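The block underneath contains the structure these notes are about, expressed in structure tokens.
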Amino acid sequence: MKAIPDRIVTLGFGKHVRADRIVALVPIEEDRGPGRRTLVYVDGLPDPLVAGRTEGTILRDMVGVESGASELLRELQVQIGQVRPLLKSSIRSEAGLDLDELSRRITDLTGEQGSPRMF
Numbered sequence: 001m002k003a004i005p006d007r008i009v010t011l012g013f014g015k016h017v018r019a020d021r022i023v024a025l026v027p028i029e030e031d032r033g034p035g036r037r038t039l040v041y042v043d044g045l046p047d048p049l050v051a052g053r054t055e056g057t058i059l060r061d062m063v064g065v066e067s068g069a070s071e072l073l074r075e076l077q078v079q080i081g082q083v084r085p086l087l088k089s090s091i092r093s094e095a096g097l098d099l100d101e102l103s104r105r106i107t108d109l110t111g112e113q114g115s116p117r118m119f
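Counting in the numbering used here, the final residue of the sequence shown is number 119, and the numbers go up one at a time with none missing.
Structure below.
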């Protein structure tokens with residue numbers, strides 16, 4: 001999972017932090033309660049911030065719903081890499097679907113190269 005750059009995450013009670021500056025989330029075990037759920041360690045701050053939200057909720061906000069879509073795109077890219085060239089050519093000519101172009105676009109969106117081609 002990757003934090004979405006420049007995304008602002010709400011910690012509760014008027015505290016907000018950039019997602020890509022959060023380096024650790026530690027659940028509070030002693031004296032946990034409303035307003036005291038998670039210690040949030042932020043790059044550049046000497047002490048953690050106390051958040052009123054759970055670490056899971058903060059983490060979901062850090063990576064966003066886009067995370068699931070990105071994982072799906074990466075899986076699709078891996079599967080495209082396993083399709084033989086002759087079948088790709090057939091799909092392109094019969095259905096107008098260019099799997100290699102889709103793979104390139106996925107790389108552009110996710111910033112990650114697909115797995116090496118199997119064939």
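C-beta: ideal position from N, C-alpha, C; glycine also. Remember, predicted model here, so these are calculated numbers, not experimental data.
| Asked | Found |
| --- | --- |
| Separation of residue 98 from residue 31, as counted between CA atoms | 57 Å |
| 8 Å Cβ cutoff met for residue 16 and residue 22 | no |
| The stretch 94-109 in contact with the stretch 69-80 per 3-pair CB rule at 8 Å | yes |
| Inter-stretch contact (C-beta, 8 Å, three-pair minimum) for the stretch 58-72 and the stretch 84-91 | no |
| Candidates 59, 25, 35 and 109: closest to residue 73 by CA position | 109 |
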